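**Q**
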Amino acid sequence: MSVSRRRVLQAGGGLALAMGTGPLIAGWPRGASAADKIKVASVYTVPVEQQWVSRVHAALQGAQKRGDIDYVWSENTANTDYERVMREYAEAGHQLIVGEAFAVEEAARAVANDYPKTAFLLGSSFKPQGENFSVFDNYIQEASYLTGMIAGGMTKSNNIGMVGGYPIPEVNRLMNAFMDGVQEINPNVKFQVSFIGSWFDPPKAKETAFAQIDAGADIMYAERFGVSDAAKERKVLAIGNVINTQPDYPETVVASALWHMEPTIDHAIKAVQSGSFKAEDYGRFSFMKYGGCSLAPLGTFEGKVPAELMTKVKEREQAIKDGKFEVKVVDTEPKATA
76 MSVSRRRVLQ
86 AGGGLALAMG
96 TGPLIAGWPR
106 GASAADKIKV
116 ASVYTVPVEQ
126 QWVSRVHAAL
136 QGAQKRGDID
146 YVWSENTANT
156 DYERVMREYA
166 EAGHQLIVGE
176 AFAVEEAARA
186 VANDYPKTAF
196 LLGSSFKPQG
206 ENFSVFDNYI
216 QEASYLTGMI
226 AGGMTKSNNI
236 GMVGGYPIPE
246 VNRLMNAFMD
256 GVQEINPNVK
266 FQVSFIGSWF
276 DPPKAKETAF
286 AQIDAGADIM
296 YAERFGVSDA
306 AKERKVLAIG
316 NVINTQPDYP
326 ETVVASALWH
336 MEPTIDHAIK
346 AVQSGSFKAE
356 DYGRFSFMKY
366 GGCSLAPLGT
376 FEGKVPAELM
386 TKVKEREQAI
396 KDGKFEVKVV
406 DTEPKATA
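Take any residue in the sequence shown, note its place counting from 1, add 75, and you have its number in this note's numbering.
(1) Can you tell me whether LYS389 is buried or exposed, with buried defined as 16 or more other CB within 10 angstroms of its CB?
(2) Enumerate, from N- to C-terminal direction, the unbroken beta strand (DSSP E) stretches of 3 or more residues contained entirely within the segment 170-202.
(3) Considering Cα atoms alone, identify which of GLY142, LYS364, ALA343 is closest to TYR357.
(4) In terms of residues, what are the limits of the beta strand (DSSP E) holding GLN139?
(5) Would the segment 243-250 and the segment 280-294 be scored as touching if the rule is three or more Cβ pairs under 8 Å?
(6) Mind checking whether LEU373 and ALA218 have CB atoms under 7 Å apart?
(7) If you run the structure through DSSP and keep just helix, strand and coil, what is MET336?
(8) Less than 7 Å between the C-beta atoms of TRP148 and SER129, yes or no?
(9) When the distance is taken between beta carbons, is ASP255 closer than 7 Å to TYR296?
(10) Quick check on DSSP: helix, strand or coil for PRO104?
(11) With three or more beta-carbon pairs closer than 8 Å as the criterion, would you say the segment 323-336 touches the segment 275-287?
(12) Out of ALA284, GLU259, GLU377, ASN261, which one is the CA nearest neighbour of GLN267?
(13) Determine the closest residue to ASP143 out of GLN348, ASP304, LYS396, PHE253, with distance taken between C-alpha atoms.
(14) Give the straight-line distance between the Cα atoms of TYR157 and VAL380, rounded to the nearest whole angstrom.
(15) Please report whether the beta-carbon of ALA226 lies at a distance below 7 Å from any beta-carbon of chain C.
(16) What are the start and end residues of each continuous alpha helix (DSSP H) run of 4 or more residues lying completely inside the segment 236-294, in chain order?
(17) Tell me which same chain residues have a C-beta within less than 8 Å of the C-beta of ILE318, skipping the five on either side of it?
(18) Which of the three DSSP states, helix, strand or coil, is assigned to TYR296?
(19) Which residue wins for smallest C-alpha separation from GLU408, given the options VAL329, GLY315, VAL238, GLU124?
(20) State the DSSP-derived secondary structure class of GLY67, mapped to helix, strand or coil.
(21) Once you ignore the five residues that flank LEU90 on each side, which residues in its own chain have a CB closer than 6 Å to its CB?
Have a look at this one:
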């Protein structure tokens, strides 16, 4: 089992805490108050610094800081170890187990079946299961669409490069929404699309981005770490994904689609605290109307993006929030047009 030193240090006496043994509500143990602190554990297959996982991790750290939970985690957990780590956390009495099940669906769901009084919240492309296996996903296509609008108005070569990890729904829907946003502003843009076959390989992503820039791209969609490094070196622009990397690339990253996991995590915590946790799809909590995603502030690009373009972006953003404009969720693999 791959367990980080951070997890060991933070676990402290947490593993010695007993699971709540109060009366059952909807089949779930609860303590004397819905405000009781609960034990939460996460299992990650990548470093907590990785974009996607970092948002889950940050939301859980925020809940711990508020005093709502005791939180421990394992990172860089091999797929072959994932089930074992989940079981260890369940056996230790953690009431909520969070993670990403994309490569370990069968194993993760088997664990949930064996621990029916434990709540599981896993990133997944599939449906909830039984009474205790809920799923979430990065439905931030609305914010991705807005970044596409900005990219469509900023490109001069009408050639945009896109580098992703794997062509799975979680990646595809954001890329497709970005492309739709680009084309609303500039239907003449052509796209280069590549996948590196890894969730965390910055050198490979960087080399792939270099190739697209050499082929004419003047804006890069940075779905993976490494892409913005290439853009910075070649002095082209980049669009961020999930987290705001502009502080690291102040002259490169124009805008980012931000994922806020707090609404998802907070809903799960409250459900466990109240004894009402059930198997459901948490995807909706990533939508803009729930505060699950947003367009990052322009920051260093304030004033550099044309005011007329930003007016269109803000109008579209408001229409999304008001329910007057729906960004399509397209999970199929995006295709290059360049």
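Backbone N, C-alpha and C define an ideal beta-carbon position, used for all residues, glycine too.
Since the model is a prediction, treat every value here as computed from it, not as a measurement.
**A** By the coordinates alone:
(1) By the neighbour-count criterion, in which a residue is buried when 16 or more other Cβ atoms sit within 10 angstroms of its Cβ, LYS389 is exposed.
(2) Here the runs fully enclosed are 171-175, 194-198.
(3) Of GLY142, LYS364, ALA343, the residue nearest in Cα terms is ALA343.
(4) Secondary structure note for GLN139: it is in no beta strand (DSSP E), and the uninterrupted alpha helix (DSSP H) holding it is 126-141.
(5) Two segments are said to touch when three or more pairs of C-beta atoms, one from each, lie closer than 8 Å; by this definition the segment 243-250 does not touch the segment 280-294.
(6) The Cβ atoms of LEU373 and ALA218 do not sit closer than 7 Å to each other.
(7) Three-state result, MET336: coil.
(8) Contact flag unset, no.
(9) No, these two residues do not count as a Cβ contact at 7 Å.
(10) Its pLDDT being 46, under 50, PRO104 is placed unreliably by the model, and the measurement read from it follows with that caveat. When secondary structure is reduced to three states using DSSP, PRO104 falls in the strand class.
(11) Not touching, per the Cβ criterion.
(12) For the residues ALA284, GLU259, GLU377, ASN261, the minimum Cα distance to GLN267 belongs to ALA284.
(13) Measuring from the Cα of ASP143, the nearest candidate turns out to be GLN348.
(14) Distance between the alpha carbons of TYR157 and VAL380 is about 45 Å.
(15) In the structure shown, chain C does not exist; there is a single protein chain.
(16) As far as the segment 236-294 is concerned, its whole alpha helix (DSSP H) runs of at least 4 residues are 244-260, 277-289.
(17) Around ILE318: GLN126, SER129, ARG130, SER331, LEU333, TRP334.
(18) Assigned with DSSP and collapsed to three states, TYR296 falls in strand.
(19) The alpha carbon of GLU408 has as its nearest neighbour, out of VAL329, GLY315, VAL238, GLU124, the alpha carbon of VAL238.
(20) This structure gives no information on residue 67, because the portion of the chain shown stretches from 76 to 413.
(21) With a pLDDT of only 29 at LEU90, under 50, the local geometry of the prediction cannot be trusted, and the value read off the model is given with reservation. Closer than 6 Å at the Cβ level, and outside the excluded window around LEU90, lie ALA167.
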